[in-house]
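Heads up: the sequence shown at position 35 corresponds to 44 in the working numbering, and the numbers run straight through without jumps. Note that CB positions come from ideal geometry on N, CA and C, so glycine has one too. Predicted, not measured: the structure shown is a model, and the values here were computed from it. This report concerns only the one structure given below.
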Amino acid sequence: MVEEKEGFDFHHDIKQSNCMNVGENKLYDAMKKIGLNPQPQYKISSMTVDFAFPDEKIVIEINGVYHETEEQQQKDKKRWFVLNGRGWKVKSYKAEWVYRDPKKYARKIADLVGLTEDKVKWEKNKRDYEDAVKQHNNQ
Numbered sequence: 010m011v012e013e014k015e016g017f018d019f020h021h022d023i024k025q026s027n028c029m030n031v032g033e034n035k036l037y038d039a040m041k042k043i044g045l046n047p048q049p050q051y052k053i054s055s056m057t058v059d060f061a062f063p064d065e066k067i068v069i070e071i072n073g074v075y076h077e078t079e080e081q082q083q084k085d086k087k088r089w090f091v092l093n094g095r096g097w098k099v100k101s102y103k104a105e106w107v108y109r110d111p112k113k114y115a116r117k118i119a120d121l122v123g124l125t126e127d128k129v130k131w132e133k134n135k136r137d138y139e140d141a142v143k144q145h146n147n148q
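Dropping the structure here:
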């Protein structure tokens, strides 16, 4: 779980253990709570994306203020072009927005990947069943 604090510095608040900043960690926690299974810091070719949903071929990028520079926007367009060419859909959100309301963006991402309440219930039931089988087999 991410510790709450007043504001954050996008570059300063990198967690060394998982390479995600505070906003990304908050979003990751929010996505997991609603049943999503994002792959953080996912490698696609020579690129690392913030989050990926490989089965759906969806990339989620959380962009700080430096992505607003002309130079970085050109680099981002090239990245997205390559990702799109490999069949990935790319969605980006401003880091500030995600930091302020990670639950809202987790729900938006759930809609993007097609997560429904029924699917969440089915996945939970499947996990519960698999856990019960493992427990039974270990007895």
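No residue range can be given for D64, since it is assigned to no beta strand (DSSP E) and is classified by DSSP as neither H nor E. The segment 31–43 makes no contact with the segment 75–85: fewer than 3 CB pairs, one atom from each, lie closer than 8 Å. Just so you know, the alpha carbons of Y114 and D64 end up roughly 20 Å apart.
Sorting I43, E70, G44 by C-alpha distance to the C-alpha of M56 places E70 at the top. Rounded to the nearest whole angstrom, the C-alpha separation of A39 and A104 is 14 Å. Counting the other Cβ atoms within 10 Å of the Cβ of A119 gives 16 or more, which makes it buried. Cα atoms of Q148 and D140: separation of roughly 13 Å, rounded to the nearest angstrom. Looking from the CA of W97, the closest CA among L45, V122, K41 belongs to V122.
Put simply, the backbone Cα of K66 is about 11 Å away from that of F60. When the five nearest sequence neighbours on each side are left out, the beta carbons in the same chain lying within less than 6 Å of the beta carbon of C28 are those of Q50, in order along the chain.
Judged by beta-carbon spacing, V68 lies within the 7 Å limit of V99, meaning their Cβ atoms are closer than that value. Beta-bridge annotation (DSSP): Q48 is paired with A61. From the listed residues I53, R136, W106, the smallest Cα separation to N93 is found for I53.
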